[in-house]
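Worksheet: one structure, shown below.
2 protein chains.
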Amino acid sequence: MTPYEFPLLIKQLLETAISQRSRKEIVYGDNVRYDYPTLVKRIKRLASGLAGLGVQKGDTVAVLDWDTNRYLEAYFGIPVLGATMMTTNIRLSPEQIAYTLDHSGAETLLVHTDFIPLIQDILPSLPKVKRLVCLSDDGTSPAGLDWTSEYEALLISGDETFEFPEFDEQTRATTFYTTGTTGMPKGVYFSHRQIVLHTLVVLSTIAQAGENAQFSRNDVYMPLTPMFHAHAWGYPYIATLSGWKQVYAGKFEPSFATKLALSEGVTFSHCVPTILDMVLNAPEAEGVDFKGWKFLIGGSGLPRGIAQRALARNIDVYCGYGMSESCPLLTVAQLKTDVLQNAVNPEDVALEKRLTPGMPILLAQVRVVNDAMESVPVDGASVGEVVVRTPYLTQGYHNNPEASRELWQGGWMHTGDIGRFDDEGYLHLVDRKKDVIKSGGEWISSIQLEDLISVCPGVKEVAVISVDDAKWGERPLVIVVEADPGTLLAETVREHLKTFVNNGLISPFAVPERFEFVETIARTSVGKIDKKALRKQYA
Amino acid sequence: MTPYEFPLLIKQLLETAISQRSRKEIVYGDNVRYDYPTLVKRIKRLASGLAGLGVQKGDTVAVLDWDTNRYLEAYFGIPVLGATMMTTNIRLSPEQIAYTLDHSGAETLLVHTDFIPLIQDILPSLPKVKRLVCLSDDGTSPAGLDWTSEYEALLISGDETFEFPEFDEQTRATTFYTTGTTGMPKGVYFSHRQIVLHTLVVLSTIAQAGENAQFSRNDVYMPLTPMFHAHAWGYPYIATLSGWKQVYAGKFEPSFATKLALSEGVTFSHCVPTILDMVLNAPEAEGVDFKGWKFLIGGSGLPRGIAQRALARNIDVYCGYGMSESCPLLTVAQLKTDVLQNAVNPEDVALEKRLTPGMPILLAQVRVVNDAMESVPVDGASVGEVVVRTPYLTQGYHNNPEASRELWQGGWMHTGDIGRFDDEGYLHLVDRKKDVIKSGGEWISSIQLEDLISVCPGVKEVAVISVDDAKWGERPLVIVVEADPGTLLAETVREHLKTFVNNGLISPFAVPERFEFVETIARTSVGKIDKKALRKQYA
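Sequences listed follow chains A and B, in order. Residues 1 to 539 in the working numbering are what the first sequence spells out, letter by letter. Residues 540 to 1078 in the working numbering are what the second sequence spells out, letter by letter.
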């Protein structure tokens, strides 16, 4: 007889598609295809099957799988029990995978057959693990591990009328590990409430689309990021609540994924720039007009060339920004009609805006601040650290109080990214905080200086690092490899940079006075400039 | 150094439009026009001004105004203090207005000059009232009441950098009174959390639009319902979060509202059917193509004729369903592409669907149940009471435990409406619960029987009521006025109804066996069939 308070639980995302009678399908690869009522029954069978194996509220269940309907089911079937789904980053080294599985406390592992050798290797260092469930595409469980169950058999053993339990919306639903440049991966975690709110906030933002990134109940979703990566950016939850058709392509293979996307009528994918590039270059993509396919790009900056090639093929490509710590979405590059209408060349402006991380999504508070946590002015040149508040940020790192304190210094979540806002509200990222030069209270982007100096005639390669300075704290040091050794003057580079000062792109204070002309610049094993080594060398 | 938990507070709806640099305006009538930064500053001044007058967390502040920018500011400026905004239904009788104001505990009244005579009359019966703030369009405070302050002067006294306090998201934000058929109005109430969630859920639903009811950041909003009515259906909050242009037309006057809507480029309004009819008939509407104007209709069923006339003028008209108790939105009539594609005559089907209350909006759990709270089958004939769960339902009636218990019987909120779902997920309402005939465990709609019998040849007027029955509990009694007295047989009417049994429109059990042929049917003062009198007469 008491009112229902409606806690924000993941189970409640399963109601709408059914009540709105979605006739859409869930598709995995070539062979799996079913409807929404079946999805809900399979999730009930999974939850009930796991409960039957002994999984309880508070337990952690880890998943090692490619992008499949099983993963989608796990996104719901594990948290609805009050258990935590740990999405295992299977791209890490075996040692790191073992560390993350053990650190998460996972007692149950759902393991795709591709990872049998890996688990065989690391199982001795996973004393907490009690159960192994085999995920195979043919329903058999290969030898090599002592399986508790096979996934489809587990579902058959489950109850399709299982009633999802009700509990506090602050209950932890998911966890996964983020890799920094130093130390072991750190675990982030999200509650039911946070995931439901992320879902609603992203959908609410979609409702503001006008010029690009428009959605409807007819959209067809296919992730092109691995599903262990930051909840596949939240879209399996968003798509399920919305009753969209969903397509999962298994282990990413450009030809197969492109073919599947085309045959299933996919209209929305998200990925890092490289994957979009691979899709554009796939033989199946040759000569195809991709009109109606939206690509949300994140993870790293979208090179202009890839964006232009995608737009030329009628792909609606635009960027977003987020991170593991933020569930993940913080900003998205929706185009604004008034900005395009006021532009001399709307197409150029549209491309520039598509390449930015975009605008804060609804309810997201995104600030750019100096070390005193004061917002820096929006003047085209001032930069600061991007700090955020949204209703769905990790409240810390799992069992890591020191890193958690650092993450939430001053009551705002620190992204470690350096950026600025433009006049139209779009964020621009210029550097990572650890690479920025803090000079006399101003922050100078090493990457921006490198970009600008790289186009100075006579420069072959360039690196910019910070060096200690008695007066200013830090100053930039420019390390240059000349195209024609012995011909370039520091003053030439400085004059080159001053033209950008005049444009307002950098502040006068950012123009370096210290230069080193060298023959080679230290690089890491993957070819990136090794700033750590350079900083040591020029300390 | 602690993480920010991000309580769902109304103040947080004010951030996005600013951070996304909305260039849109807030417009009231002919003379008031300002931008979003000004809106936020004015809300800060209002909150700070009210705090200066002594308004505290937990207090109730009542508003008596037409649709104005001041009302929009009050939607934010009162709740951000932790005070409750009471939106006064100024269409009630003076006795009822006095009752609702006193029952709500309001100590502060914001009173438009039009209501000075009313307040003069009832003030003696409002012992709790301590402060009167004058809302006038010219900045003066007419004599007749002992004003504490004038609204614009209050804002000038306020601080535009006022920091909104932070408190529990369950804090009550709003209250207003709903009139039933019997007894005094009952107060419903909503928390900050509920209003934020209503906002996100409605926007998320918008993201699913495909065929109609599409929105973007370019929408221009103008309510055509009074703002005291169920949060103006939540749209002032939705529009502000979205950074839409907003237009307020003051006291509704068809010519002025239509002219203002056309000159300001309004694209979205909501109202009861009568208001849409008045807009269509306004001289200013003559010959105008209204393409781009969406009308969400609620409050009562939309007559087909009005819908057809609106569609002929290119108005995107569609229904929604909700009530004071539900914040209010529960369902909305978005069209589904697959339903239209499968239809022989898509235009007819589209019109039918636009006229339904629509589909449950995202996260809304809407069930049609029998007395045992079991869902009735979706078979085109079975009906039941509509009961709901959403994250934003009143948790009871203010200081009325008995009515609250009845409202939430069985843990679901009872709407008192009888309806059914169709195969495509659209709700259809057939009756009010108090008029339905409960017969042998089945519910028979009196209104549906009346509709069907009214088209039987020989019938001039008809009323259907329930009468007690020893075997079935209740049975329908048909009271008929014949077109040609003495010529119609009960069996003729029964045969007529059986054709609808064959169509599956009603169950065989619904066909009545008891008929009364009369000369006149009792009606109420406003011309409605007086079922109460009839039930007494035929008891």
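Backbone N, C-alpha and C define an ideal beta-carbon position, used for all residues, glycine too.
task = Run through the segment 625-659 of chain B for me and flag every whole alpha helix (DSSP H) of 4 or more residues, listed as ranges in chain order.
result = 633-643
ask   = Nearest to Ser1114 of chain B by alpha carbon, out of B:Ser993, B:Lys790 and B:Glu1000?
value = Limits of chain B in this structure are 540 at one end and 1078 at the other, which puts residue 1114 of chain B out of reach.
task = Ignoring anything shorter than 4 residues or poking outside the segment 719-748 of chain B, list the alpha helix (DSSP H) runs there in chain order.
result = 731-745
request  = With Thr717 of chain B as the anchor, note down where its alpha helix (DSSP H) starts and where it stops.
outcome  = No alpha helix (DSSP H) holds Thr717 of chain B; the beta strand (DSSP E) holding it covers Arg711 to Thr717.
inquiry  = For a contact defined as C-beta to C-beta under 7 angstroms, what are the partners of Asp877 of chain B on chain A?
reply    = Arg23
request  = Have a look at A:Pro328, A:Ala343, A:Pro273 and A:Asn345 and flag the residue whose alpha-carbon is nearest the alpha-carbon of Tyr318 of chain A.
outcome  = A:Pro273
ask   = Can you tell me the Cα-Cα spacing of Asp660 of chain B and Tyr614 of chain B, whole angstroms?
value = 27 angstroms
query = In chain order, which continuous runs of the beta strand (DSSP E) of length 3 or greater are located wholly inside the segment 1023-1058 of chain B?
reply = 1053-1057
request  = Check Lys833 of chain B in the structure and name its three-state DSSP category.
outcome  = strand
query = Taking Cβ positions only, does Tyr776 of chain B come closer than 8 angstroms to chain A?
reply = Taking 8 angstroms as the threshold, the shortest C-beta distance from Tyr776 of chain B to chain A does not fall below it.
inquiry  = Please list the terminal residues of the continuous beta strand (DSSP E) segment that includes Ile814 of chain B.
reply    = Bounds of any beta strand (DSSP E) do not take in Ile814 of chain B; it lies within the alpha helix (DSSP H) bounded by Pro812 to Asn820.
key: C-alpha distance - Leu109 of chain A paired with Phe115 of chain A, whole-angstrom precision   = Straight-line Cα distance between these residues: approximately 11 angstroms.
inquiry  = By alpha-carbon positions, which one of B:Ile565, B:Gly838 and B:Gly678 ends up nearest to Leu894 of chain B?
reply    = B:Gly838
query = If you run the structure through DSSP and keep just helix, strand and coil, what is Thr870 of chain B?
reply = strand
ask   = Does the beta carbon of Gly935 of chain B come closer than 8 angstroms to any beta carbon on chain A?
value = Chain A, which has a Cβ nearer than 8 angstroms to the Cβ of Gly935 of chain B, makes this yes.
ask   = Can you list the residues of chain B that Leu330 of chain A reaches, using a CB-CB cut of under 8 angstroms?
value = Result: empty, since nearest Cβ-Cβ is about 11 angstroms, beyond 8 angstroms.
task = State the DSSP-derived secondary structure class of Val619 of chain B, mapped to helix, strand or coil.
result = helix
message = Given the structure, does Lys24 of chain A come close to the ligand PLP, in the sense that its CB is under 7 angstroms from one of the ligand's heavy atoms?
response = Only the bare structure without any ligand can be found here, which leaves the ligand PLP out of the picture.
query = Contact between the segment 480-496 of chain A and the segment 426-444 of chain A: three or more CB pairs below 8 angstroms?
reply = no
task = Return the CA-CA distance between Arg313 of chain A and Val366 of chain A, expressed in angstroms with no decimal places.
result = 33 angstroms
request  = Use the C-beta contact count for Gln873 of chain B: other C-beta atoms within 10 angstroms, 16 or more gives buried, fewer gives exposed.
outcome  = Gln873 of chain B counts as buried, since no fewer than 16 other beta carbons sit within 10 angstroms of its beta carbon.
request  = Leaving out five residues on either side along the sequence, give the residues of the same chain with a beta carbon under 6 angstroms from the beta carbon of Ala282 of chain A.
outcome  = Closer than 6 angstroms at the Cβ level, and outside the excluded window around Ala282 of chain A, lie Pro254, Ser255 and Thr258.
query = Does the beta carbon of Ile206 of chain A come closer than 8 angstroms to any beta carbon on chain B?
reply = yes
ask   = Can you list the alpha helix (DSSP H) stretches of 4 or more residues lying completely in the segment 760-785 of chain B, in chain order?
value = 774-781
query = Under 8 angstroms, do Pro930 of chain B and Gln20 of chain A count as touching if we go by C-beta distance?
reply = It is not a contact, given that the beta carbons lie outside the stated cut-off.
Where Asn757 of chain B meets chain A, residues with beta-carbon distance less than 7 angstroms = Near Asn757 of chain B (Cβ distances below 7 angstroms), the residues of chain A are Gly210 and Thr337.
query = How would you list, in chain order, the residues of chain B whose beta-carbon sits under 9 angstroms from the beta-carbon of Ser19 of chain A?
reply = Met898, Pro899, Ala903, Gln904, Val905, Arg906, Phe960 and Gly964
query = Below 8 angstroms, can you find three or more Cβ-Cβ pairs linking the segment 77-84 of chain A to the segment 217-224 of chain A?
reply = no
Within 8 angstroms of chain A by C-beta, residues of the segment 540-554 of chain B in sequence order = Met540, Thr541, Pro542, Tyr543, Glu544, Phe545, Leu547, Gln551, Leu552 and Glu554
inquiry  = Quick check: Asp641 of chain B and Ser664 of chain B, are their CB atoms within less than 8 angstroms of each other?
reply    = yes
query = Between the segment 760-789 of chain B and chain A, which residues of the former have a C-beta closer than 7 angstroms to a C-beta of the latter?
reply = Leu780 and Ser781
ask   = What residues of chain B sit near Phe215 of chain A, judged by a beta carbon separation below 7 angstroms?
value = Ala746
query = Any Cβ of chain B within less than 8 angstroms of the Cβ of Leu39 of chain A?
reply = At a cut-off of 8 angstroms, the C-beta of Leu39 of chain A has no neighbouring C-beta in chain B.
ask   = If you draw a straight line from the alpha carbon of Ser984 of chain B to that of Thr240 of chain A, how long is it in whole angstroms?
value = 35 angstroms
Assigned exposure category for Ser688 of chain B - 16 Cβ within 10 Å defines buried = buried
message = Does the CB of Val1001 of chain B have a neighbour CB from chain A at under 8 angstroms?
response = It does not; no Cβ of chain A falls within 8 angstroms.
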